[in-house]
Structures are given as structure tokens and as C-alpha cells.
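Enquirer:
Protein chains: 2
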Amino acid sequence: MADNRLDKSIRQDIYERIRDDITCGRLLPGERLTENKLSNMYNVSRSPIREALRQLESEGLISFERNKGIEVSKLSVKQMKEIYDIRSLLEGYAVRISVEQLTKKDISALTNIHKKLITAARDKNIQAWLQNNALFHSYFRDKAGKENLCQLIVMLKRRTYHYQNMSLSYDRYFETYIGHHAAILEACKKKDADLAERQMRQHVQTTKCAIVESLSMNRNLLM
Amino acid sequence: MADNRLDKSIRQDIYERIRDDITCGRLLPGERLTENKLSNMYNVSRSPIREALRQLESEGLISFERNKGIEVSKLSVKQMKEIYDIRSLLEGYAVRISVEQLTKKDISALTNIHKKLITAARDKNIQAWLQNNALFHSYFRDKAGKENLCQLIVMLKRRTYHYQNMSLSYDRYFETYIGHHAAILEACKKKDADLAERQMRQHVQTTKCAIVESLSMNRNLLM
DNA sequence: CATGCTAATAGTGTATACAATTTCACTATG
DNA sequence: CATAGTGAAATTGTATACACTATTAGCATG
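Order-wise, the sequence lines are chains Y and G.
Sequential numbering of the first sequence, starting at 46, is according to my numbering.
Sequential numbering of the second sequence, starting at 46, is according to my numbering.
(1) Give, in chain order, every unbroken run of the alpha helix (DSSP H) that is at least 4 residues long and sits entirely within the region 163 to 194 of chain Y.
(2) In terms of DSSP beta bridges, what is VAL117/Y paired with?
(3) Looking at ILE94/Y: is its Cβ nearer than 8 Å to the Cβ of ASN193/G?
(4) Could you tell me whether the Cβ atoms of ASN157/Y and ALA165/Y are closer together than 8 Å?
(5) Report buried or exposed for LYS188/G, applying the criterion of at least 16 other Cβ atoms within 10 angstroms of its Cβ.
(6) LEU194/G touches chain Y at which residues, Cβ-Cβ below 7 Å?
(7) Assign LEU213/Y to one of three DSSP states: helix, strand, or coil.
(8) Enumerate in chain order the residues of its own chain whose CB-to-CB distance from VAL257/G is below 7 Å, with the five nearest sequence positions on each side excluded.
(9) Under 7 Å, CB to CB, which of the residues in the region 102 to 124 of chain Y have a partner in chain G?
(10) How is the alpha helix (DSSP H) around LYS253/G delimited, first residue to last?
(11) Check whether the Cβ atoms of GLU136/G and HIS207/G sit closer than 8 Å, and answer yes or no.
(12) Does the distance from the CB of LEU155/G to the CB of LEU230/G come in under 8 Å?
(13) Cβ atoms of THR205/G and TYR138/G: under 8 Å apart, would you say?
(14) Within a Cβ cutoff of 7 Å, which residues of the same chain sit near ARG141/Y, ignoring the five residues on either side of it in sequence?
(15) Quick one: list the residues of chain Y neighbouring SER54/G, beta-carbon separation under 8 Å, in chain order.
(16) In angstroms with no decimal places, state the Cα-to-Cα distance between SER133/Y and HIS248/Y.
(17) Could one say the Cβ of LYS202/G lies closer than 8 Å to chain Y's Cβ atoms, at least one of them?
(18) Is the region 94 to 114 of chain G touching the region 195 to 205 of chain G, taking contact as three or more C-beta pairs under 8 Å?
(19) Taking the C-alpha atoms as reference points, what is the distance between CYS254/G and SER261/G?
(20) Measuring straight from C-alpha to C-alpha, what distance separates ASP151/Y and ARG111/Y?
(21) Tell me, please, which residues DSSP counts as bridged to LEU78/Y.
(22) Please list the partners that LEU197/G has in chain Y, where partner means a Cβ-to-Cβ separation under 8 Å.
(23) For GLN250/G, return the contacting residues in chain Y, with the cut-off set at a CB-CB distance below 7 Å.
(24) Would ILE223/Y and ILE171/Y qualify as a contact pair, given that the criterion is a beta-carbon distance under 8 Å?
(25) Using the three-state DSSP reduction, which class does ASP52/G fall into: helix, strand or coil?
(26) Report the residue from ILE63/G, TYR87/G, HIS159/G, SER92/G whose alpha carbon sits nearest the alpha carbon of GLU116/G.
(27) Output needed for GLY75/Y: all residues of its chain with C-beta closer than 8 Å, excluding positions within five of it in sequence on either side, in chain order.
(28) Going by beta-carbon coordinates alone, are GLU61/G and ARG99/Y separated by less than 8 Å?
(29) Please return the same chain residues whose Cβ sits closer than 7 Å to the Cβ of MET46/G, not counting the five positions on each side in sequence.
(30) Does any residue of chain G bring its CB to less than 8 Å from the CB of LEU134/Y?
(31) Could you tell me which chain Y residues have their CB closer than 9 Å to the CB of LYS253/G, listed as they occur along the chain?
(32) What is the residue span of the alpha helix (DSSP H) that CYS233/Y lies within?
(33) Alpha carbon to alpha carbon, how far is GLU145/G from ASP58/Y? Give it in angstroms, no decimals.
(34) Nearest chain G C-beta to GLU80/Y closer than 8 Å, yes or no?
(35) Could you confirm whether any beta carbon from chain Y is found closer than 8 Å to the beta carbon of TYR138/G?
(36) Could you name the residues of chain G that GLU96/Y contacts, counting a contact when the two beta carbons are closer than 8 Å?
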């Protein structure tokens, strides 16, 4: 018998598609969404669309205004900073917890990802960077074994994901980030949870600054 | 012209009612909800009900299982601890930020709330305690002026609110909590953000332990 | 009695119809 | 020409009908 989870509900499918369209930048901040348009676009009725939209609203990816409509959420610089500050706290905490869980195998897997990031930075291969950077960060999250913490971090990341991608083209901090990652890895090897937490916090803070800086060139995307 | 926000949508109304029914314990963890029952209960069709339920699901207050149904979320002890740990971080951070914003007026308002808490504890007036305790904590949140931080904390609080209330009847830590609050206030007066953050973290951690302890007497509510 | 089949029931998932509201273009009026 | 008003179109909000799935009770069969 086929796995039931494979034929997911239309609602769930639509939810994921719109969510990914937003995080990947196929739907841009401020863009107006109408239920009919989405309904035609995905060839389903408005019922599952509306339910998916409610979910996306709760997660902050879209904004409703009663009887008016829906738009992809825009973030102000203030909100952006706020979200990164919270991520800094939470990701730092996740690393702190994960440190004791990390085996030598984990460290070597992380080191491997780290090397791929160095290559990606050298080649200015943004796709490879994004992919491995996501892997690097999620490794700690997952190892922490805290489901709710994970969900929160992922949710917050989604809200800034597009902005982060946008800014990366202008970003000259690859080397800095690699330095941070190296420092985090080093702290993990030494099983120094305090240090690892501090380094991760610092890392996310730096990311925040870089993004705010580079987005000032693209003000139209910001609120 | 009447304020438009007054005649909110049915969906929003239902959302708030179910949410409050859960946080206030009129709907208990593990309780099964059917759309028809809710539909009859509130005399509206299933459409707004389902949308409200999606919202509640995103916030973790209820759990869906495809083609099966809905139930009010249960928390395991592990999850409970996890949520309190996150709250400890976030509320500590909120206090840290708010410290510089607090005027003398704010301090005196907080002191006033603090006094009411002392009275409530002396009289074993749980209602008064809950109310003023909520005021005390929200004061810092609000003063921090971070919208997203606020929302997160409130969301996390809702998920544990009922358990916290349950446990309070068995709780003998009023005096301890009052001591914590006093310490937090003291740190705020001294404008010592670091200290205030540490105290608040400690306070939430203590709450966590008290709740886990007292709920072990009511295992049936836990997962 | 145990087991497996079947039909009925209840509940969720989706589509559609209708109601209410907003928006916007067009017209009438000063 | 500016502006208020009016009505049609577009869009969201809600109700209802239908489809699909899961559960359960009852019956037949071994």
C-alpha cells in the first residue's frame, strides 16, 4: 500500500507551493494576490486556497486586510532587524544545546559542508553557497533535538529568506561568514558551548547588518 | 461612522472564541473537536470554522490529522520544558531591551502591580494573581516595542497557559515569584539590563520547574 | 467464538453558489 | 474643471452541496 503521506491534501500542496513561491522570490513582497487568480493558477477551488492562505498569514508570509485582499508581506528595516535579533538568540541557543550532542561523525560532516562553502565562495557560486549554508545551519538545529525551537527558527528564516537571497548578490562578506563558521566549528570541537553560542549569535548579527546594508540599495522592496 | 474593527469577521470571532476556550480550559488538551459540533455550537457554517481552525493549528493550539479530525493539542513534558526554555530566552531579551525605555512612571506602575501581586499571594486570590502577573510580564514586552517578539511570546504563552493555570492551585511558589519580580524591578531601577535579563530568565526557568512538578500530579493532561 | 466482509454513518476535503463589500469608471452637477 | 454620486465589476466572506475517507456495527462464514 502506498504511503498515505504522499497524496497530501490540495490545501497542503497549495500551502507549500505558495510558500515556496514567496521564499524563492517568484512572488515578491508587496505583490497582490487574489483568490481567483490563485484559484486559476493552480486549478483548484477557492476553499483550499483560503485555508492555505490562513496558514501563511499566521506565519507572517502574507497579510490580509478584511474585504480588501491579500499581499505578500513586506518587512520594514525595523522588522527585519527585529527578526534577525530573535534568530540570533534562538540559533545561538540551538548551537549551545547541540554542542554536547555532536559526535565526531557530525563534526566531520560539518567540516565537509564547511569546505563546500569555501569552494562556493571562491567560485562565487551563489546557489551552492545558499544550499550548503542552509545545510550548515540546519545541522545544528536538527541536532539540538528541539522540535518547537526548530519550527520557530525555520518560520523566522522563511520570513527573511527572499531578502537574504536578494542581498547576497551584493554581499562581499563570504570570507567573513566563512571565518564565523570556522570559529563555530572550532568551538564545537572543543565542546565549548558558551563560545559556540556567542559565535553563532555574532554570526547572525553580522548577517543582519550585511543584509540591511545591501538592501538599502533596493529600497523598493522594503516597507 | 462606526469603527470597522468592531464588526469583525465571523472567522476572526470564532478564532478568538475557540482560542480563549482553550486557554481558559473550557476545552481541554486531547479533547476532540468536530467541525459540525463547532458549527452548531456557534451557529455558523463550516467555512469560517475551518479557516479559524487552520489559524489555531499554525499556532500550535490544535492538531489536525488528515481525514481524521481535530483535537486540542496536548503537550509532553519535554515540549513543555522546551517552550518554557524558549520563553525564558525571549522574555529575558524583552526585559533587557525594555530596561532603557522604562521611565520613572513605568517603574511606579510596575511597583503598583507588584504590590497587588503581594496582596493576591497573601489572600491566595488566584484570579487576582493571574491577572496582575499577566500585567507585570506584558508591561516589559510592550515597552520593548518589538512587535514580532511580542507576538512570539504571546503565542508561546497561550500554548502553556492552561497548564500553568492548572498547576497554580498546587503552587507554593508565590513567595519565590514575588522575590523574582522584586529582583527584576530592582535591576530595572538600577538600569542594569544584564542583571534584569538574567533575573527574568531565572524566573521563567523556576516557573517551568514548578509547573512540571505540579503537573506530575495530573498526568492525564500530559502526552 | 473468531474473523473477515459489507453497508451504514459520521466526519473531513473540495467545489460551487450566493451575499456583502470595495473599487473604479462614468456621469451629473455645481 | 472639480467633485460628489451612482452603478457595475471585481473581490472577499459565508453557506451549502457534494465527494471522499475512515470508522463501526452487524452479519455471514469458517
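Glycine included, C-beta positions come from ideal geometry on N, C-alpha and C.
What you are looking at is a predicted structure, and each value in this text was computed from that prediction instead of being measured.
Expert: Based on what the coordinates show:
(1) Fully enclosed alpha helix (DSSP H) runs of 4 or longer: 171 to 189.
(2) Your numbering for residue 117/Y matches position 72 in the first sequence. Partner(s): ILE107/Y.
(3) As a first step, residue 94/Y must be located in the first sequence, where it is residue number 49. As a first step, residue 193/G must be located in the second sequence, where it is residue number 148. No.
(4) For this step, residue 157/Y is matched to residue 112 along the first sequence. For this step, residue 165/Y is matched to residue 120 along the first sequence. Against a cut-off of 8 Å, the Cβ pair of ALA165/Y and ASN157/Y comes out as no contact.
(5) To locate residue 188/G, count along the second sequence from 1; it is residue 143. With 16 or more other Cβ atoms within 10 Å, it is buried.
(6) For the purposes of this step, residue 194/G is taken as the residue at position 149 of the second sequence. Chain Y residues near LEU194/G: GLU127, ILE131.
(7) Your numbering for residue 213/Y matches position 168 in the first sequence. Helix.
(8) As a first step, residue 257/G must be located in the second sequence, where it is residue number 212. The answer, listed in chain order, is VAL122, MET125, LYS126.
(9) From the region 102 to 124 of chain Y, only SER103, GLU104, ARG111, GLN124 have a Cβ closer than 7 Å to chain G.
(10) Within the second sequence, residue 253/G is the residue found at index 208, counting from 1. That run of the alpha helix (DSSP H) goes 238 to 260.
(11) For this step, residue 136/G is matched to residue 91 along the second sequence. For this step, residue 207/G is matched to residue 162 along the second sequence. Contact: no.
(12) Within the second sequence, the letter at position 110 stands for residue 155/G. Within the second sequence, the letter at position 185 stands for residue 230/G. A contact, by the Cβ cut-off of 8 Å.
(13) Position 93 of the second sequence, counted from the first residue, corresponds to residue 138/G. Position 160 of the second sequence, counted from the first residue, corresponds to residue 205/G. No. Outside cutoff.
(14) Taking the first residue of the first sequence as 1, we reach residue 141/Y at position 96. Correct list, in chain order: ALA238, ALA241, GLU242.
(15) Taking the first residue of the second sequence as position 1, residue 54/G is located at position 9. By Cβ distance, chain Y contributes ARG111.
(16) Position 88 of the first sequence, counted from the first residue, corresponds to residue 133/Y. Position 203 of the first sequence, counted from the first residue, corresponds to residue 248/Y. Using only the alpha carbons, I get a separation of about 8 Å.
(17) On the second sequence, position 157 is the one that residue 202/G refers to. No, because no Cβ of chain Y sits closer than 8 Å to the Cβ of LYS202/G.
(18) yes
(19) For the purposes of this step, residue 254/G is identified with residue 209 of the second sequence, where counting begins at 1. For the purposes of this step, residue 261/G is identified with residue 216 of the second sequence, where counting begins at 1. The alpha-carbon atoms of CYS254/G and SER261/G are separated by roughly 11 Å.
(20) Along the first sequence, one-based indexing puts residue 151/Y at 106. Along the first sequence, one-based indexing puts residue 111/Y at 66. Straight-line Cα distance between these residues: approximately 49 Å.
(21) For this step, residue 78/Y is matched to residue 33 along the first sequence. According to DSSP, LEU78/Y bridges with ILE115/Y.
(22) On the second sequence, position 152 is the one that residue 197/G refers to. Simply ILE131, LEU197.
(23) For the purposes of this step, residue 250/G is taken as the residue at position 205 of the second sequence. Around GLN250/G, no beta-carbon contact reaches into chain Y at under 7 Å, the shortest distance being about 13 Å.
(24) By 1-based counting over the first sequence, the position of residue 223/Y is 178. By 1-based counting over the first sequence, the position of residue 171/Y is 126. No, these two residues do not count as a Cβ contact at 8 Å.
(25) Numbered from its first residue, the second sequence carries residue 52/G at position 7. Three-state DSSP puts ASP52/G in coil, outside helix and strand.
(26) In the second sequence, the residue the question calls residue 116/G occupies position 71. The shortest Cα separation from GLU116/G among ILE63/G, TYR87/G, HIS159/G, SER92/G belongs to ILE63/G.
(27) Here the question's residue 75/Y lines up with position 30 in the first sequence. Cβ within range, chain order: GLU116, VAL117, LYS119, LEU266.
(28) Position 16 of the second sequence, counted from the start, is the residue given in the question as residue 61/G. Position 54 of the first sequence, counted from the start, is the residue given in the question as residue 99/Y. No, the pair does not count as a contact, with Cβ atoms beyond the cut-off.
(29) Reading the second sequence from its first residue, position 1 is the one you call residue 46/G. Low confidence applies here, because MET46/G scores a pLDDT of 31, under 50, leaving its location unreliable and the question unanswered by this model.
(30) As a first step, residue 134/Y must be located in the first sequence, where it is residue number 89. With 8 Å as the cut-off, LEU134/Y counts as an interface residue toward chain G.
(31) Sequence index remark: in the second sequence, residue 253/G carries index 208 (1-based). Going along chain Y, no residue has its Cβ under 9 Å from LYS253/G, so there is no contact; the nearest lies around 14 Å.
(32) As a position in the first sequence, residue 233/Y is number 188, starting the count at 1. In this chain, the alpha helix (DSSP H) harbouring CYS233/Y covers 219 to 234.
(33) Within the first sequence, residue 58/Y is the residue found at index 13, counting from 1. Within the second sequence, residue 145/G is the residue found at index 100, counting from 1. In a straight line, the C-alpha of ASP58/Y is about 46 Å away from that of GLU145/G.
(34) In the first sequence, residue 80/Y corresponds to position 35, counting from 1. By this cut-off, GLU80/Y is not an interface position.
(35) Translated into the one-based positions of the second sequence, residue 138/G becomes position 93. Yes, TYR138/G counts as interfacial toward chain Y.
(36) Stepping through the first sequence from its first residue, residue 96/Y is reached at position 51. ARG95, GLU96, ARG99, listed in chain order.
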